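Residue numbers (my numbering): 11 to 112. Ideal placement from N, C-alpha and C gives every residue a C-beta, glycine not left out. Source: prediction; values computed, not measured. The structure appears below as structure tokens.
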Amino acid sequence: MDDDNELLAALLYNVREIVGKEARSLGKEASPEFIVSLTEVLSSQIKIMAQDLESFAKHGRRSVISMEDVKLCARRNDTLYETISELAKDITEETSSKRRRK
11 MDDDNELLAA LLYNVREIVG KEARSLGKEA SPEFIVSLTE VLSSQIKIMA QDLESFAKHG
71 RRSVISMEDV KLCARRNDTL YETISELAKD ITEETSSKRR RK
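Below, the structure written as structure tokens:
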């Protein structure tokens, strides 16, 4: 199995697990077709986001994707943007705290 197929299989497994858990909590069932379709949509979105992240880094003349690039990708989704911003803040604080301890 090549890397792309392994990633797609892992994505399908995780989507199946998450959808199953959410469906059970709502007293519903999700068809296998729905799960496969959702996985395909998610896979497409992941590829688009990866291309966007790479483009943002290149535009900034960087070879490494930064947290600011990730936040830029999330700019149209307020909830996602806030979540990513909070995580970035936590990571920054944790990193600076580790540096001070050394």
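Annotation: Leu17 to Met59 spans about 16 Å, alpha carbon to alpha carbon.
Of the residues assessed, Val74 falls on the exposed side of the cut-off, its CB having fewer than 16 other CB atoms within 10 angstroms. Runs of the alpha helix (DSSP H) spanning 4 or more residues and lying entirely within the region 30–93 occur at 42–69, 77–83, in chain order.
Ala98 is not a Cβ neighbour of Tyr91, given a cutoff of 7 Å. A direct Cα-Cα distance of roughly 10 Å separates Asp13 from Ala19. Under the Cβ criterion (8 Å, minimum of three pairs), the region 62–69 does not count as touching the region 24–31.
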